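Here's the structure we're looking at; comments come further down.
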Amino acid sequence: MNTTITVIIEHDLDSGYYAYCPDFEGCQTQGDTLGDVIQNIREAAELYLETLTDEEKEQLYQKRIYTTTLAL
């Protein structure tokens, strides 16, 4: 089953990139480049999903997190 998940990526000039999935508690990773961190978070999310029961996955797919930007 294909699904779309929310991923937050932060860039730190000193330590590279940090990514996490707010939908998946504890699912986080880091990487030296943007490409690295995207690959790493994809792998982490896939592994996270493998640990869930079908019922837990269904509940997770019902959850929605919305992101936006605001100009101040």
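Position one of the sequence shown corresponds to residue 17 (our numbering), numbered consecutively onward.
C-beta atoms are modelled at their ideal positions from N, C-alpha and C, and glycine is treated no differently.
In this text the structure is predicted, and so the values were computed from the model without any measurement.
- Query: What residues are listed by DSSP as bridge partners for G47?
  - Reply: Y33
- Apart from the five residues just before and just after D39, which ones in its own chain have a Cβ nearer than 8 Å to its Cβ? I21, T22, L76, K79 and I81
- Note down the Cα distance separating T69 from Q44, rounded to an integer number of angstroms. 20 Å
- Item | Selected residue, minimal CA-CA separation from V53, among L86, E41, T85 and E26 | E26
- Item | Nearest residue (CA-CA) to D30, options E41, G42, Y64 and T49 | T49
- Message: Helix, strand or coil, according to DSSP, for I21 in the structure here?
- Response: coil
- At which residues does the alpha helix (DSSP H) containing D70 begin and terminate? D70 to Q78
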